[in-house]
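To start, the structure under review is shown below, and the notes come after it.
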Amino acid sequence: MTRIAIMNKSLSEIFNSYPNPSPDLLIPLLQDIQEMEGYLPHDILKEVSRFLNVPMSSIYGVATFYNQFRLHPPGKYHIQVCRGTACHVYGSTDLMRILQQELDINVGQTTSDGLFSLEIVACIGVCGLAPILTINGEVYPKVTTENIRQILSDLRSKANNK
41 MTRIAIMNKS LSEIFNSYPN PSPDLLIPLL QDIQEMEGYL PHDILKEVSR FLNVPMSSIY
101 GVATFYNQFR LHPPGKYHIQ VCRGTACHVY GSTDLMRILQ QELDINVGQT TSDGLFSLEI
161 VACIGVCGLA PILTINGEVY PKVTTENIRQ ILSDLRSKAN NK
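Quick note, in the working numbering, the sequence shown goes up one by one and the last residue is 202.
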């Protein structure tokens, strides 16, 4: 089965789980699609527009208003930097600055090689390990400005060895 056929089958399954389409289903529908795809592809959003009879401008309005939604594919290594109070006090601002410099991207972007994407999250909930970041859901505790570069180097090596 081709990628397009798989996508269409999965999208049909999502649409079928909403038997009474209405505009107030937009957010849960977008959440389901992002869970399936990892982001919200433009071609799928056009299908959502038809399915819910909602203009694309409204869909993009919602997708860009809520920071949970991504309009571009995440990197192979999706980095989330906690900006909760404890992480802020213990230096997450410096970690974010170093990540942006080392990766040459801003928050919400993916590196040109598709390896890394960067996101800020409000709080991950493990404040005793501050400052933390997660990479593909794995928690990296008590990250320092010294070891952040080593973490990136290790991930690059790991990607090159696959």
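Where is the CB? At the ideal position from N, CA and C, for every residue including glycine.
Environment of residue i [buried if 16+ CB atoms lie within 10 Å]
i, result
"A103", "buried"
"I46", "Confidence at I46 is low in this model, with a pLDDT of 45, below 50, so its placement is unreliable and the value that follows should be read with caution. Under this definition I46 is an exposed residue."
"V129", "exposed"
"Q190", "exposed"
"I67", "exposed"
"S62", "exposed"
"S52", "exposed"
"S193", "exposed"
"I44", "Confidence at I44 is low in this model, with a pLDDT of 48, below 50, so the placement of that residue should be treated as unreliable; the coordinate-derived value is given next. Looking at its Cβ environment, which holds fewer than 16 other Cβ atoms inside 10 Å, I44 is exposed."
Through-space distance from residue j to residue i, alpha-carbon basis
i, j, result
"N60", "G124", "39 Å"
"Q108", "Q141", "24 Å"
"I164", "R137", "19 Å"
"T42", "L70", "Low confidence applies here, because T42 scores a pLDDT of 39, under 50, leaving its location unreliable; read the following figure in that light. Rounded to the nearest angstrom, the two C-alpha atoms are 23 Å apart."
"S157", "Q149", "6 Å"
"E85", "S97", "Per the sequence shown, residue 85 should be read as Leu rather than Glu. Straight-line Cα distance between these residues: approximately 10 Å."
"E75", "T184", "31 Å"
"Y58", "S197", "43 Å"
"P172", "V94", "It is worth fixing the name first, because residue 172 is Ile in this sequence and not Pro. Cα to Cα, the separation comes out at about 39 Å."
"L169", "I175", "15 Å"
"I99", "G154", "25 Å"
"G101", "H82", "13 Å"
"R90", "P113", "23 Å"
For residue i, the first and last residue of its enclosing beta strand (DSSP E)
i, result
"C167", "First-last for C167: undefined, no H or E at that position."
"F156", "156 to 161"
"E186", "Premise fails: E186 is in no beta strand (DSSP E) and is neither H nor E."
"V179", "178 to 180"
"Q74", "That residue, Q74, is in no beta strand (DSSP E); its alpha helix (DSSP H) goes 66 to 77."
"T174", "173 to 175"
"H118", "117 to 122"
Option nearest residue i by Cα separation, candidates the options
i, options, result
"Y106", "V94, V161, S52", "V161"
"D72", "D64, P114, D194, S50", "S50"
"E178", "I119, L65, I99, E87", "I119"
"G115", "S132, K182, I145, L92", "I145"
"N56", "D83, E77, L92, T151", "L92"
"Y180", "C127, V88, I54", "C127"
Segment limits, alpha helix (DSSP H) that includes residue i
i, result
"I145", "It is not in any alpha helix (DSSP H) - I145 carries neither H nor E in the DSSP assignment."
"T125", "125 to 129"
"T104", "96 to 105"
"F91", "82 to 92"
CB of residue i within 7 Å of CB of residue j, strictly
i, j, result
"L111", "L65", "no"
"S132", "V147", "no"
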